[in-house]
Every structure is written in C-alpha cells, then in structure tokens.
Amino acid sequence: FHAAGYNVAHLDNNNTKKERKAILKWFKETPNAILTSVSILTTGFDEPTVESIILNRATKSLTLYYQMIGRGSRILKNKDSFLVVDLGNNFHRFGPWGSDLDWHKIFRSPDFYLDSLLNDEELESNFKYEMPQDLREKFANSDEVYFDITETYIESVRRGESSKTVLAKSIEQHAKICIENSEDVYDALALAKLIGEDIDFRIHRYTKCISKCTFNFIEWLREDYRKKLNSFIRVNFDEVFEEIHGFAPKE
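If you read the sequence shown in this note's numbering, its first letter stands for residue 4, the second for the next number, and so on.
Structural data, given as structure tokens:
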C-alpha cells in the first residue's frame, strides 16, 4: 500500500495505548485511509464509516469471521453497503456473512463442526479458473475457453489411456482458441503468451490428479507445456484454421 501511494497505517499489540488512540483518530479523520491490523481490531473497535474489509488470512473461528466482517456492517445515510475482499477462502468455508446458521448445534458439538470445515486444498479443488475480462475479450470468437483437467483425467483413466493424454488434449484446446482468434500464426503465438495463468492452473490441477509432485517436476511441466503449445500452433495452424473457418488463412 505504501509503494502504491496510499495513506496506510498499521496497528497491533506492540502499540501503546496512546499510539493506538492516535492511529484510530488518524484513521477516522483521514479520507480513504487504510488501516492494517493483526487481531486487535476484531473486538472493541467501532468505526461506522469503514467501506472495505480485507481478510488477509484463513481462520477456523466462525466467531472471528463474523467479528472481522462486522467492522464494516454499520449502515449510515450515505452508506448502505460495504466491500469484503476475502483472501483466505473464509466465505467458502463458512458461507455468506449473515446467512442462517444453527448456532445451538454448533455450540453443542463444536469439535464436530470444526472437523466438518474444509481446508484450503479441499476448497480450492472445486475452484474454476476464469480469464480476466480484458483477456477474455481477446478470445471473443471462442464460445468456451475453459477446459476441465480433472474430468478429462477421470475419463482418460476409465479408457485406460496414459495420463499424458490429458495435457495433450489441453494443449490442443489451448491451441484451438488461440488460432480461433488469430489471423495468422504470429497472432496465435502472441495469444499463447497471454494465457500463462490458465496454463499454470491446469498444470496444478493435473499434478493433483496424478499424485503429489516435486517442485522441479512441476516447473518442468510448465515449461514443457508452453514449448509443446507453441510447437503445436506452428505445425498445425493452417489445418486448424481451415477446420474452424472453412477456408485457408491468407498467405
């Protein structure tokens, strides 16, 4: 935040009572101020004008989850909503803030409730990669750009195919959407350079399917995938272009 030029201060239990009072006064009076904290602002803090809450880590405490988001929930004449940025998968773990919960059941069996909470790895296994809007616009000619690695892996196993066919099919699909949105091979190769996040997401999913892999193997897979994608585009551009459009690309 400092590097980006924002007004920001930090508060934790190392601050004296006097420093805390001064920092909170600064936060209240400074327009668009940002205040970072470790635990200390979850209770005993009331600043109705808070517009955004950023949860920077995961918690397994439902009470803490409600307390943290509650810092921004006060309604004012000129404030009827607030923004929550959840970087710890807490929304997926506990559900929407303010949703109906059986508190009696939770307090009767707290250990059972805690054991039922999914960890980050389990939660993220259900996530789906979505291209950022500005990147998706570069693939406007494609109705669908998503490729389900997990489902493709399951189907390949059922057919008795090698797990390597999963990445081969993924590369073919990536090449198709790059060619589909290009006029020549150079355009397609340029688009292939922009989908690094999607490639890394697919490699991550793939390594989860085949078992835990070493860091070096994962890095090799990422590099090898990119090389094979570029090679596939160069070798098959004309053929794939004609299959898609019904005519050959211009010379």
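By construction, the Cβ of each residue, glycine as well, lies at the ideal position given by its N, Cα and C atoms.
Contact check, residue i vs residue j under 8 Å by CB: the rounded distance?
i: Ala-36; j: Asn-10; result: 5 Å
i: Phe-1; j: Ser-40; result: Limits of the chain in this structure are 4 at one end and 254 at the other, which puts residue 1 out of reach.
i: Ile-26; j: Ala-12; result: 5 Å
i: Leu-232; j: Ile-206; result: That belief does not hold up - the Cβ atoms of Leu-232 and Ile-206 are roughly 12 Å apart, past 8 Å.
i: Lys-141; j: Asn-184; result: 6 Å
i: Pro-51; j: Arg-77; result: 4 Å
i: Leu-90; j: Asn-59; result: 5 Å
i: Val-87; j: Ile-72; result: 6 Å
Which term fits residue i, buried or exposed, when burial requires 16 or more other beta carbons within 10 angstroms of its beta carbon?
i: Phe-30; result: buried
i: Leu-79; result: exposed
i: Val-53; result: buried
i: Phe-97; result: buried
i: Phe-220; result: exposed
i: Leu-38; result: buried
i: His-177; result: buried
i: Leu-65; result: buried
i: Gly-163; result: exposed
Just verifying my parser: in three-state terms, what is the DSSP assignment at residue i?
i: Asp-89; result: strand
i: Ala-25; result: helix
i: Ser-214; result: coil
i: Leu-197; result: coil
i: Ile-56; result: strand
i: Ile-78; result: coil
Does the beta-carbon of residue i, which I'm using as the reference point, lie nearer than 7 Å to any heavy atom of the ligand ATP?
i: Trp-223; result: Absence of the ligand ATP from the depicted structure is noted, as is the absence of any ligand whatsoever, leaving it without description.
(request) Scan the stretch 144–190 and note each continuous beta strand (DSSP E) run of 3 residues or more that stays entirely inside, going in chain order. (result) Those beta strand (DSSP E) runs which fall completely within the stretch 144–190 and span 3+ residues do not exist here.
(request) Mind the definition here: the stretch 203–221 touches the stretch 146–162 only if three or more C-beta pairs lie below 8 Å; say whether that holds. (result) Yes, the stretch 203–221 touches the stretch 146–162.
(message) Does the structure place the stretch 197–207 close enough to the stretch 246–254 that three or more beta carbon pairs sit under 8 Å?
(response) The stretch 246–254 vs the stretch 197–207: no contact.
(message) Does the structure place the stretch 233–240 close enough to the stretch 172–192 that three or more beta carbon pairs sit under 8 Å?
(response) Three or more Cβ pairs closer than 8 Å define a contact, and the stretch 172–192 meets that threshold against the stretch 233–240.
(message) Can you confirm whether the stretch 169–177 touches the stretch 127–145 when touching is taken to mean that 3 or more C-beta pairs between the two stretches lie within less than 8 Å?
(response) With the cut-off at 8 Å, the stretch 127–145 and the stretch 169–177 do not touch.
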